[in-house]
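Student: Below you will find the structure I want to go over with you.
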Amino acid sequence: MQLDLEEALTRSSGGKFYNLSAHMVWIGDRTRQLDCAHIEYFKGIANPIAVKVGPSMKNDELKELVKILNPNKEEGRLMLITRYGAGKAEAMLPGHIQAVKESRVPVTWQCDAVHGNGIVAKSNKLKTRVMNDILAEACEVMAIHKKCGSILGGIHLEVSGQPVTEVVGGSMGLTEQMLTKNYETYCDPRMNYSQAIEAAFRVANEMPSQERAAKRAKVA
């Protein structure tokens, strides 16, 4: 987030300030320190807001942070986006969930299953991600929320509707050597449409049957 830009796009209405660059704006894991200018800015806007929660976040720090950003305990105000990396959530997420419960501040939990799983391909030095790692983190986080009596509100993926070759793996068997075939990203590697559909089905299959039935009923 470029704070100078966001401040320039902030307007007042009805006695409150709103960031007009997006409906929901979020603070990255590197700029969410309690004394950071980003936190001070987010305290003053009425938008729905989010914070990335990574491996360096301490339990007590998270408890204090949610109180600062949602002092009125407003439903829908604050989202926590976890991004640990495959195999790391078990050591961190239960403590983070407990810290938020103790704060008594309502939050929406989301799992960012991509940003903690970036690697550099050995064969061609391209930045990539591995499907198995992405799906492993998503499924691990879902299981932990269920075990801790918490609710996971969503999963964040980065996807292209085009047949890009930027993420390794999946049923199509995309290898590191195949990345150069259609590698178009200028920033983060994205799943192609086939990999995205595969991920959606995998996540759906991990949901308990009663949850799937409830979601189908809502759609109907």
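First residue of the sequence shown: 67, per the working numbering; consecutive thereafter.
Ideal Cβ positions, reconstructed from N, Cα and C, are used throughout, including at glycine.
On a predicted model such as this, the values are computed, not experimentally measured, just so you know.
So, at 8 Å on beta carbons, what are the nonlocal neighbours of R170 in its own chain, with the 5 sequence-adjacent residues on each side left out?
Tutor: K139
Student: Between the C-alpha atoms of T194 and R98, what's the straight-line distance to the nearest angstrom?
Tutor: 26 Å
Student: Can you check which of these residues, S216, Y252, G220, F267, is closest to G236 by C-alpha distance?
Tutor: F267
Student: Is it buried or exposed, T148, if we count other Cβ atoms within 10 angstroms and call 16 or more buried?
Tutor: buried
Student: Cβ atoms of H104 and R67: under 8 Å apart, would you say?
Tutor: Checking the displayed sequence, the identity of residue 67 turns out to be Met instead of Arg. Yes.
Student: Which residues does DSSP list as the beta-bridge partners of T298?
Tutor: No information on residue 298 is available, as it lies outside the stretch 67 to 286 that the chain covers here.
Student: Beta strand (DSSP E) containing I93: first to last residue?
Tutor: 91–93
Student: Cα-Cα, which of P160, N198, Y249 is closest to L228?
Tutor: Reading off the sequence shown, one finds Gln at residue 228, where the question assumed Leu. Nearest C-alpha to Q228: Y249.
Student: From the DSSP output, in three-state form, read off L144 for me.
Tutor: Correct three-state label for L144: strand.
Student: Could you pull the start and end residues of the beta strand (DSSP E) that V166 belongs to?
Tutor: Run containing V166: none in the beta strand (DSSP E); it sits in the alpha helix (DSSP H), 155–169.
Student: Nearest to F108 by alpha carbon, out of I93, S122, K118, D126?
Tutor: I93
Student: Which partner residues of M257 appear in the DSSP bridge assignment?
Tutor: Paired residue(s): V225.
Student: Between L245 and E232, which are expected to be in contact by the criterion C-beta below 8 Å, what is the C-beta distance as a whole number of angstroms?
Tutor: Their Cβ separation, rounded to whole angstroms, is 7 Å, which keeps L245 and E232 in contact under 8 Å.
Student: For the pair the segment 184–192 and the segment 210–217, tell me if three or more CB-CB distances fall below 8 Å.
Tutor: The segment 184–192 makes no contact with the segment 210–217, as fewer than three CB pairs between them are under 8 Å.
Student: Can you confirm whether the segment 113–121 touches the segment 72–80 when touching is taken to mean that 3 or more C-beta pairs between the two stretches lie within less than 8 Å?
Tutor: Proximity of the segment 72–80 to the segment 113–121 falls short of the contact definition, fewer than three beta-carbon pairs being nearer than 8 Å.
Student: In chain order, what residues of the same chain have a beta carbon less than 8 Å from the beta carbon of Q176, not counting five sequence neighbours either side?
Tutor: A116, M145, L146, I147, T148, L218, G219, G220, I221, H222
Student: Could you give the C-beta distance for T27 and V234, rounded to a whole number, given that I count them as a contact under 8 Å?
Tutor: Residue 27 lies beyond the range of the chain shown here (67 to 286); nothing can be said about it.
Student: Classify I163 as buried or exposed, calling it buried when 16 or more other Cβ atoms lie within 10 Å of its own Cβ.
Tutor: buried
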